[in-house]
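Only one structure is covered here, and it is reproduced in the block below.
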Amino acid sequence: MRRKLSGWLFCLALLGGLVTAHATTHLERMVLDLGGERFELEYAADPDDRRQGLMGRKRLPGGTGMLFDFPTGTQPAIWMRNMVISLDLVYIDDSGVIARIFPEVPPCPAMPCEIYHAQKALRFVLEVPAGTAQRLGLAVGQKLDLGALTDRPPPRR
């Protein structure tokens, strides 16, 4: 009986690991040059992926991040609920121009959480490790080369 229970617990743990791995690795990945450095970004373009974002991640290595792509007319609003790490939030318009930067945004351990709003409709939000925007010299008005991404139509939902 004990061996059978151990086998079931092992299977549940394995399944849990697969589900967690899927939740963090199924996203399309892209490589972009930001401030002269290569970044490998996860691309979140559907509502579930945007909602999950980097929530629950214990670390975000340098040279990595997540790029959120929003439908036309969206005024992005990001919060840090259920986050463990601090991030830089870079809001970018549909042509790749930085519209706003929220540097070193801390996690929100308890409600109410601050919401980081765009001032206007924007297409992208880039999340990178805290301190990255300053280190790379990113600034409002700067145009980022998003490659063929700006040629893709925005998500429909």
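Residue numbers 117 to 273, in our numbering, belong to the letters of the sequence shown in order. Beta carbons: idealized from backbone N, C-alpha and C, even for Gly.
| Check | Outcome |
| --- | --- |
| Going by DSSP in three states, A234 sits in which element: helix, strand or coil? | coil |
| At which residue ranges does the stretch 176–216 contain complete alpha helix (DSSP H) runs of 4 or more residues, listed in the order of the chain? | none |
| Alpha carbon to alpha carbon, how far is V200 from R175? | 8 Å |
| Quick one: Cα of D267 to Cα of A237, how far? | 18 Å |
| Straight-line CA distance for P225 to A160? | 24 Å |
| What is the DSSP secondary structure of D165, counted as helix, strand or coil? | helix |
| Could you say which of R251, F155, P187 and L157 lies nearest to R272 if we only look at CA atoms? | P187 |
| Do the stretch 146–164 and the stretch 229–236 make contact, defined as three or more Cβ pairs closer than 8 Å? | no |
| Specify whether the stretch 247–256 and the stretch 207–220 touch according to this definition: at least 3 beta carbon pairs, one from each stretch, less than 8 Å apart. | yes |
| The alpha helix (DSSP H) with A160 in it runs from where to where? | First-last for A160: E153 to A160, but that is the beta strand (DSSP E), not the alpha helix (DSSP H). |
| What does the Cβ neighbour count give for G172, buried or exposed, with the cut at 16 atoms within 10 Å? | exposed |
| Please state the DSSP three-state secondary structure of D149. | strand |
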